[in-house]
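A.B. asks:
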Amino acid sequence: MDLAAFQRDGAAHFLTVLGSDAVARLREQLEPELKGRPGRRLTGGLDSVLPALTDVASRLIGPAAFPVRAVVFDKTSETNWSVAWHQDRTIAVRERRDAQGYGPWSVKDDIPHVEPPISVMAGMVTLRLHLDDCENDNAPLTVALGSHAFGRVPAPEVAGLARSLPNLACCARAGDVWAYSTLILHMSERSRLAGRRRVVQVDYSAEGLPGDVRWRGL
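Going by the numbering used here, the sequence shown opens with residue 46, and the numbers climb by one from there.
(1) Going along the chain, which residues of its own chain have a beta-carbon closer than 8 Å to the beta-carbon of V117, five neighbours each way excluded?
(2) Does the distance from the C-beta atom of W150 to that of R235 stay below 8 Å?
(3) Do L254 and V165 count as a contact pair if the criterion is CB distance below 8 Å?
(4) Return the chain-ordered ranges of every beta strand (DSSP E) run that is complete within the region 144 to 205 and spans a minimum of 3 residues.
(5) Closer than 7 Å by C-beta to E20: which residues in its own chain qualify, once you throw out the five before and the five after it? Chain order, please.
(6) When you compare only the Cα positions, how much space is there between V258 and G196?
(7) Counting Cβ pairs closer than 8 Å, one from the region 207 to 219 and one from the region 133 to 145, do we hit at least three?
(8) Could you give the DSSP three-state label for V101: helix, strand or coil?
(9) What residue from E202, R53, T121 has the CA that sits closest to L238's CA?
(10) Can the beta-carbon of A217 be found less than 8 Å from the beta-carbon of T187?
(11) Which partner residues does L87 have in the DSSP bridge list?
(12) Figure out for me which residue from R241, D47, P161 has the closest Cα to the Cα of V101.
(13) Please name the residue in L174, A219, R104, L263 whose C-alpha comes closest to that of A50.
(14) What is the C-beta distance between H158 and G220, in whole angstroms, given that I count them as a contact (C-beta under 8 Å)?
(15) Return the residue from the list G55, R53, L63, A57 that minimises the CA-CA distance to D177.
(16) Are Y249 and P112 closer than 8 Å when you measure CB to CB?
(17) S226: which of T171, G240, A189 sits nearest, CA to CA?
(18) Would you kindly report the start and end of the unbroken beta strand (DSSP E) that includes D248?
(19) Where does D92 land, buried or exposed, given buried means 16+ other C-beta within 10 angstroms?
So, in structure tokens, the structure goes:
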């Protein structure tokens, strides 16, 4: 893995982070969490795969990397959606605190979320572990390479900036991991296949939060 290339592009592909048996076990384990839902926040149940994911994150943001949020997504013919170009800017925290540089605040699934100082987001990495093969017709995430270097991008400018940069469709095999700078601009089309596209997404940081704010964690 070329760290300099990741820091430049904001994306890197790691092949076969999980073997086929481990992928099959994780699919089975997560099925009760999905139950026909398009996605769900995970607060546990990833103990078997976190060591492998944390190893990837540590190679990108340092040995202190730890998971701060996890979500599983499942695109099917019944739960299918597209997402326009956007930038992830919020984190999950334990409770709302008045702290400089944080805001606006929101609540998702009864969990406080907030936009932190941009330095927090710039130091994070997001890993997407694929549980199914994901080719061009199965709604791969598309990223705008290098867009993370622009910091916080005003929402009206996101699509224009993304189109001005090289775009990469992040195809993968089951067991592969795509790693992204959390600030990278990204989008996804609707799937054109009848099958599933399950992805476990885990956000990592290597530092505590500034001010009297604490990560929610897994």
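Glycine included, every Cβ here is placed at the ideal spot set by N, Cα and C.
C.D. replies: Concretely, from the data shown:
(1) L75, E78, L79, G84, R85, L87, R243, V244, V245, Q246
(2) no
(3) yes
(4) 150 to 153, 156 to 159, 170 to 175, 187 to 189
(5) Nothing can be reported for residue 20, as the shown portion of the chain is limited to 46 through 263.
(6) 21 Å
(7) no
(8) helix
(9) T121
(10) no
(11) A115
(12) D47
(13) R104
(14) Not a contact, Cβ separation roughly 30 Å.
(15) L63
(16) yes
(17) T171
(18) 242 to 250
(19) exposed
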